[in-house]
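*Asks:* Would you mind keeping the following structure in view while I ask a few things?
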């Protein structure tokens with residue numbers, strides 16, 4: 001009430017009830033039809049709903065003033081919603097643009113890295129060979145078995161010895177090159193079954209070699 005009195009401080013006394021009624025009408029329309037659940041409703045639908053329910057017929061104002069004010073408020077409301085939807089669409093489009101950008105950058109980076117590797121191999125008279133990297137970070141390079149546990153940059157062997165994790169994985173990648181059973185495109189599930197078959201009996205009782213569903217390989221998790 002204090003705010004209302006301040007707003008209408010210089011309004012003639014006979015117009016104050018009309019101003020208060022119009023303020024109530026505007027606020028109530030926004031409260032009823034400004035929610036997200038009313039997105040998609042046209043101005044005509046909202047006005048029909050107001051007339052059918054006779055929401056503001058008892059206000060102390062002329063019918064023409066009430067109807068014109070209702071029309072203006074509904075139009076303002078829909079204009080606001082249209083602007084909000086436009087901002088949402090722009091935000092989604094911007095996000096999709098960033099996804100496309102990241103995808104292109106990723107592809108470009110892979111291409112540049114491949115060219116760099118080929119260039120270095122040519123300069124050093126080396127051969128660049130791609131191998132299947134599944135579980136190479138989770139194997140013990142000393143035994144060639146799926147044993148031990150990687151934690152951060154350390155690899156803990158079952159014997160208690162600690163290896164540098166990246167060096168251990170690099171040795172496994174090098175050994176994978178000469179592995180006759182694991183080809184480059186061998187599925188990771190088949191790779192795990194082969195590795196478990198080479199491991200001692202306690203490691204091969206998890207049903208995985210019998211057709212179970214292993215987890216996706218991860219560099220930071222043990223089996």
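In the UniProt record's numbering, the protein residues as written are 1 to 223. Here a beta-carbon is modelled for each residue, glycine too, at the ideal position from N, C-alpha and C.
#1: Kindly indicate the opening and closing residues of the alpha helix (DSSP H) around residue 163.
#2: For residue 140, which three-state DSSP category applies?
#3: Does the distance from the C-beta atom of residue 135 to that of residue 88 stay below 7 Å?
#4: With three or more C-beta pairs closer than 8 Å as the rule, is the region 20–36 touching the region 69–77?
#5: Could you say which of 124, 155, 98 and 128 lies nearest to residue 139 if we only look at CA atoms?
#6: Which ranges would you report for the beta strand (DSSP E) in the region 25–100 if only whole runs of at least 3 residues count?
#7: Since residue 156 is in the alpha helix (DSSP H), which residue starts that stretch and which ends it?
#8: So, helix, strand or coil for residue 184, using DSSP?
#9: Could you have a look at residue 151 and say whether DSSP puts it in helix, strand or coil?
#10: Smallest Cα separation from residue 82: which of 125, 108 and 42?
#11: Verify whether the separation of the beta carbon atoms of residue 176 and residue 131 is less than 7 Å.
#12: Is it buried or exposed for residue 165, if we count other Cβ within 10 angstroms and need 16 for buried?
#13: Between the C-alpha atoms of residue 55 and residue 79, what's the straight-line distance to the nearest angstrom?
#14: Using DSSP bridges, identify the partner residues of residue 145.
#15: In or out: residue 105 buried (at least 16 other Cβ within 10 Å) or exposed?
#16: My guess is that residue 77 and residue 30 are in contact by the Cβ rule of under 8 Å, so how many angstroms apart are they, rounded?
#17: Tell me whether the beta-carbon of residue 162 lies closer than 7 Å to the beta-carbon of residue 147.
#18: Using CA atoms only, rank isn't needed, just tell me which of 194, 199, 133 and 116 is closest to residue 170.
*Replies:* Reading off the structure:
#1: In the DSSP assignment, residue 163 falls outside any alpha helix (DSSP H) and within the unbroken beta strand (DSSP E) covering 162–164.
#2: Three-state DSSP puts residue 140 in a strand.
#3: No; because the gap between Cβ atoms is not below 7 Å, this pair is not in contact.
#4: Yes: the two stretches touch, three or more of their Cβ pairs being nearer than 8 Å.
#5: Of 124, 155, 98 and 128, the residue nearest in Cα terms is 155.
#6: List check, beta strand (DSSP E) in window: nothing returned.
#7: In this chain, residue 156 is not harboured by any alpha helix (DSSP H); it is covered by the beta strand (DSSP E) spanning 154–156.
#8: The answer is coil: DSSP assigns residue 184 none of H, G, I, E or B.
#9: Of the three classes helix, strand and coil, the one that applies to residue 151 here is strand, per DSSP.
#10: Across the set 125, 108 and 42, the C-alpha of 42 shows the shortest separation from the C-alpha of residue 82.
#11: Taking a C-beta distance under 7 Å as the contact criterion, residue 176 and residue 131 qualify as a contact pair.
#12: When all chains shown are included, residue 165 counts as buried.
#13: In this structure, the CA atom of residue 55 is about 22 Å from the CA atom of residue 79.
#14: Paired residues: 140.
#15: Looking at its Cβ environment, which holds fewer than 16 other Cβ atoms inside 10 Å, residue 105 is exposed.
#16: The C-beta separation of residue 77 from residue 30 comes to about 6 Å, placing the pair in contact by the 8 Å criterion.
#17: It is not a contact, given that the beta carbons lie outside the stated cut-off.
#18: Put simply, of 194, 199, 133 and 116 the residue whose alpha carbon is nearest the alpha carbon of residue 170 is 133.
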